[in-house]
Structure formats: C-alpha cells, structure tokens
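Structure first, then comments.
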Amino acid sequence: MSLTLTAARQIIEVAMETGRGQGWKPLSVVVLDAGGHVLSFDRPDGASPGRFEIARAKAYGAVMLGMGGCAQMARAEAQAYFMAAVNGVFEGKVLPVPGGVLVRGPSGAVIGAVGVTGDTSDNDAAAASAGIRAAGFVAEA
Numbered sequence: 001m002s003l004t005l006t007a008a009r010q011i012i013e014v015a016m017e018t019g020r021g022q023g024w025k026p027l028s029v030v031v032l033d034a035g036g037h038v039l040s041f042d043r044p045d046g047a048s049p050g051r052f053e054i055a056r057a058k059a060y061g062a063v064m065l066g067m068g069g070c071a072q073m074a075r076a077e078a079q080a081y082f083m084a085a086v087n088g089v090f091e092g093k094v095l096p097v098p099g100g101v102l103v104r105g106p107s108g109a110v111i112g113a114v115g116v117t118g119d120t121s122d123n124d125a126a127a128a129s130a131g132i133r134a135a136g137f138v139a140e141a
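Counting along the sequence shown from 1, when you hit position 136 you're at 136 in UniProt numbering, and nothing is skipped either side.
Have a look at this one:
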C-alpha cells in the first residue's frame with residue numbers, strides 16, 4: 001500500500017482544521033512518501049517562508065529513521081552525538097522534535113510521514129496524528 005495524493009491532501013486538510021478548531025497558531029503541513037519525497041504541502045497565508053523546511057525536516061527525520069519525532073527527541077537527549085551524526089549523514093535535513101509523525105499502513109509498514117509546524121511541537125504532532133487517522137492510517141508520533 002502506498003500513500004496517495006488524495007490521502008495526503010486529506011491529511012493536510014484535517015491537520016490544519018484541527019489546529020484552527022483548537023485555536024492554535026496557523027499550521028503548515030507537509031506529507032512525504034516512504035522514500036522521503038514530498039507528496040503535498042500547504043501553509044496558511046502569512047506563514048513564514050521557512051515553515052516548509054521545518055515541516056519537511058520533521059517528516060524527513062521520521063521517515064528516514066523509522067521513528068516519530070517524539071522518539072527522535074528522546075534519542076537526541078540520550079545520545080546527542082548519535083543524532084548529530086545522523087543529521088550529518090542526512091545533510092542537516094533532520095529536525096528531531098515532535099511534529100514529525102510516521103504514517104503506517106494496515107500491515108504496519110511505514111508508507112510515509114507528516115511534518116507539521118506552527119504551534120508547539122506537541123500540538124503540531126497532535127494535528128499530524130489527527131490528519132493521519134482521518135485518512136484511515138496509523139499515526140506514530
């Protein structure tokens with residue numbers, strides 16, 4: 001099973017709506033496929049241009065390492081040198097904080113990742129997870 005453009009757009013719509021419904025700061029959302037390629041991205045009017053790179057780095061780390069941003073942050077706290085080295089391997093494209101959430105298909109295989117930025121990292125992760133679940137997948141923050 002793969003992540004489709006239709007599913008990616010649904011994930012983004014629900015994630016952004018979750019943030020609006022909770023009164024959070026405006027969210028920017030990216031969806032990557034299992035190879036780390038961008039399927040879709042959206043950001044609200046007025047969002048800073050750097051939001052794409054932040055969202056992408058959260059999702060990229062999740063899909064490339066096979067662990068959500070929460071697990072990455074814990075690993076960075078426990079093994080800072082390892083995560084610094086990993087980030088070097090991936091040319092600085094990994095941001096090990098909550099907000100990067102794995103997308104798992106029905107069999108449990110990783111089929112992509114979602115990166116959200118704009119509010120607190122924990123709220124970003126919650127919005128990503130809501131979008132993933134709404135599209136019928138399993139979220140791993």
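Beta carbons: idealized from backbone N, C-alpha and C, even for Gly.
Sort out for me which residues DSSP pairs residue i with in a bridge.
| i | result |
| --- | --- |
| E140 | L102 |
| A113 | L32 and L102 |
Measure the Cβ-Cβ separation of residue i and residue j and say whether it is below 8 Å.
| i | j | result |
| --- | --- | --- |
| R43 | R51 | yes |
| L3 | I111 | yes |
| D124 | G99 | yes |
| E140 | G68 | yes |
| F41 | M64 | no |
| V97 | K58 | yes |
| G131 | I54 | no |
| A113 | A47 | no |
| L27 | A134 | no |
Just the C-alpha distance for residue i and residue j, rounded to the nearest angstrom, thanks.
| i | j | result |
| --- | --- | --- |
| V86 | A71 | 14 Å |
| residue 147 | R9 | Residue 147 falls outside the range modelled here, since the chain spans only 1 to 141, and no answer is possible. |
| residue 180 | T120 | Since the displayed the chain opens at 1 and closes at 141, residue 180 lies outside it and no answer follows. |
| Q22 | G92 | 32 Å |
| V138 | G115 | 15 Å |
| M1 | A34 | 10 Å |
| R136 | A76 | Sequence inspection shows Gly at residue 136; the Arg mentioned does not correspond to that position. Each residue's alpha carbon lies about 30 Å from the other. |
| P49 | M73 | 24 Å |
| A15 | A84 | 29 Å |
| W24 | D122 | 11 Å |
| L39 | R20 | 23 Å |
| A7 | E17 | 15 Å |
> Where in the region 26 to 59 do unbroken runs of the beta strand (DSSP E), each at least 3 residues long, occur, reported from the N-terminal end onward?
Replying inline: 28 to 33 and 38 to 42
> Are the region 74 to 84 and the region 102 to 111 touching, with three or more C-beta to C-beta distances below 8 Å?
Replying inline: no
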